[in-house]
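Enquirer: Anchor point for the sequence shown: position 153 equals 153 in the working numbering, and the numbering is continuous, going up by one each time. Just so you know, even glycine gets a beta-carbon here, dropped at the ideal spot from N, CA and C. So that we are looking at the same thing, I have put the structure below in structure tokens.
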Amino acid sequence: MSDDPPLRLILSKEALIANWRWLKQQSHGADCGAAVKADGYGLGAEAVIGHLRAAGCRDFFVATWAEAAAIGHATGDAGVSVLHGARAEDMAQALASSARPVLNTAAMVARWKAAAPDRPCDVMIDTGMNRLGLSVAEAMSGLLDGVRIETLMSHLACADETEHPLNIVQCAAFRAVSQMVSARRCSLANSAGIALGSDYCFGLTRPGLALYGGIAVPAMRAAIRPVAAIEAQILQVRAIAPGQSVGYGATFSPDRPTRIAIANLGYADGYLRAFAGKGFARAPDGPFPLAGRVSMDLIAVDIGSADLHEGDWLPIDYDLEQSSRATGLSQYELLTGLGGRYQRMWK
Ligand SMILES: *Cc1c(COP(=O)(O)O)cnc(C)c1O
């Protein structure tokens, strides 16, 4: 990649750390880890881990062994948990790694017991989401006898809906398992789960979204700071007369003379076509709306007579909560879609 790509993410170390500290403080005395899967939700796992380790975070969660390997040197002596566990195909890498598998199935438990009886691992219990994890019955069956469990965990299906009845059901089921299965620590809450209160925090919380500026529940709006901002460089500015049109499908056709900035950002950068008619650039005399459709690598922005020119950088609004509402994309999709073409600049 060029050292000076025409697209950048301005990333705030202070905001990331402030979000983690706040989430830790809200965790009612529990340790607070960080989900850094999908390359730190698109922001760059290695840098995220470096900043959070310096702030005191000691537990990181990735999805796969490839992700664990990619961050290996950044984690130092911190714990790394691989959420998708240990398939047969993973065992060689798992045994050579200091990361722990999160065992999700009876077959994984048997595989780990046979290959590494003395090594600590994590275990996921499915308490009602019906995604990954041992059933409560399996967990209570004696299957886990003799397994050295570092973190016993479960995952909430509806934590972002504060009043959802499944939260109480899952929490009670997890508490019952935690009283029967011996583990060094227990962990249930993701970002939104932390907001459900002390009953949900156990010994370790596992936020992801809110670390990166996502508003997991409305109650976090006042405390969580944005971490990532998009800036796209203007590659060309053109004048458009009434009757002319802009972009694919000729969907933008102004009824007044205006100027259009063509900026280096497109759906291949995670700025999906759902932003057409919704997205806008921020500038001192803005906001300036998108003009027409989003292309793969370009957007057009109606800048009118603003003092903006070829080579200038255009801040593109990426408020996660509002963009999610406007586009129908989740805040998770908005972050993890960001892709490889941004220069990630931590400040
Ligand atoms: C992704 C993930 C998290 C983090 O969830 P957020 O909603 O991003 O806070 C926590 N635990 C598990 C098991 C996950 O898969």
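1. For Glu333, which of helix, strand or coil comes out of DSSP?
2. Taking 8 Å as the cut-off, decide whether the C-beta atoms of Ala95 and Ala115 are in contact.
3. Could you name the residues whose beta carbon sits closer than 5 Å to any heavy atom belonging to ligand 1, keeping them in chain order?
4. Tell me where the beta strand (DSSP E) around Ala99 begins and ends.
5. Are the Cβ atoms of Arg53 and Gly79 separated by less than 8 Å?
6. For the beta strand (DSSP E) that contains Pro315, what are its first and last residues?
7. In whole angstroms, what is the alpha-carbon distance linking Asp307 and Ala232?
8. Per DSSP, which residues does Ser135 bridge with? Please list them.
9. Considering only DSSP beta bridges, list what Pro289 is partnered with.
10. Under DSSP, the alpha helix (DSSP H) around Arg175 begins and ends at which residues?
11. With Ile10 as the anchor, note down where its beta strand (DSSP E) starts and where it stops.
12. Below 7 Å CB to CB, which residues in the same chain sit around Lys278 once its five sequence neighbours on both sides are set aside?
13. Which of helix, strand or coil does DSSP assign to Gln224?
14. Would the segment 314–321 and the segment 220–231 be scored as touching if the rule is three or more Cβ pairs under 8 Å?
15. Tell me, which residues are paired with Cys158 by DSSP?
16. Which residues mark the beginning and the end of the beta strand (DSSP E) in which Ile262 is found?
17. Tell whether a beta-carbon distance below 8 Å holds between Ala159 and Leu196.
18. Taking only runs that begin and end inside the segment 39–117, name each unbroken beta strand (DSSP E) of 3 or more residues, in chain order.
19. Suppose you measure from the CA of Val82 to the CA of Gln244; what does that come to, to the nearest Å?
20. Sort Lys347, Met140 and Tyr200 by Cα distance to Val169 and report the nearest one.
21. DSSP has Phe252 in a bridge; who is on the other side?
Expert: Reading off the structure:
1. Mapped onto the sequence shown, residue 333 falls at position 333. Of the three classes helix, strand and coil, the one that applies to Glu333 here is helix, per DSSP.
2. As a first step, residue 95 must be located in the sequence shown, where it is residue number 95. As a first step, residue 115 must be located in the sequence shown, where it is residue number 115. The displayed chain sequence assigns Leu, not Ala, to residue 95. Yes, they are a contact pair.
3. Ala35, His155, Asn190, Ser191, Arg206, Pro207, Gly208 and Leu209
4. To locate residue 99, count along the sequence shown from 1; it is residue 99. From DSSP, Ala99 is part of no beta strand (DSSP E); its letter is neither H nor E.
5. Mapped onto the sequence shown, residue 53 falls at position 53. Mapped onto the sequence shown, residue 79 falls at position 79. No, the pair does not count as a contact, with Cβ atoms beyond the cut-off.
6. The residue you call residue 315 lines up with position 315 of the sequence shown. Pro315 -> beta strand (DSSP E) spans Trp313 to Ile316.
7. Reading the sequence shown from its first residue, position 307 is the one you call residue 307. Reading the sequence shown from its first residue, position 232 is the one you call residue 232. Computed Cα separation, rounded: 16 Å.
8. For the purposes of this step, residue 135 is taken as the residue at position 135 of the sequence shown. Bridge partners of Ser135: Asp126.
9. For the purposes of this step, residue 289 is identified with residue 289 of the sequence shown, where counting begins at 1. DSSP output for Pro289 lists Phe280 as bridge partner(s).
10. Here the question's residue 175 lines up with position 175 in the sequence shown. Residues Pro165 to Met180.
11. By one-based count along the sequence shown, residue 10 stands at place 10. Run containing Ile10: Leu7 to Leu11, per the beta strand (DSSP E) assignment.
12. Numbered from 1 along the sequence shown, position 278 holds the residue referred to as residue 278. The answer, listed in chain order, is Ala326 and Thr327.
13. In the sequence shown, counting from the first residue as 1, residue 224 sits at position 224. Reading off the sequence shown, one finds Ile at residue 224, where the question assumed Gln. Coil.
14. yes
15. Within the sequence shown, the letter at position 158 stands for residue 158. In DSSP, Cys158 forms no bridge with anything.
16. Indexing the sequence shown from 1 puts residue 262 at position 262. Counting along the chain, the beta strand (DSSP E) containing Ile262 begins and ends at Thr258 to Ala263.
17. Taking the sequence shown and counting its residues from 1, the one referred to as residue 159 is at position 159. Taking the sequence shown and counting its residues from 1, the one referred to as residue 196 is at position 196. In contact: Ala159 and Leu196 (Cβ atoms closer than 8 Å).
18. 59–62, 79–82 and 100–103
19. Residue 82 sits at position 82 when you count from the first residue of the sequence shown. Residue 244 sits at position 244 when you count from the first residue of the sequence shown. Taking the straight line from one Cα to the other gives about 54 Å.
20. Within the sequence shown, numbered from 1, the residue matching residue 169 stands at position 169. Out of Lys347, Met140 and Tyr200, Tyr200 has the C-alpha closest to the C-alpha of Val169.
21. On the sequence shown, position 252 is the one that residue 252 refers to. The partner list for Phe252 (beta bridge, DSSP) reads Val246.
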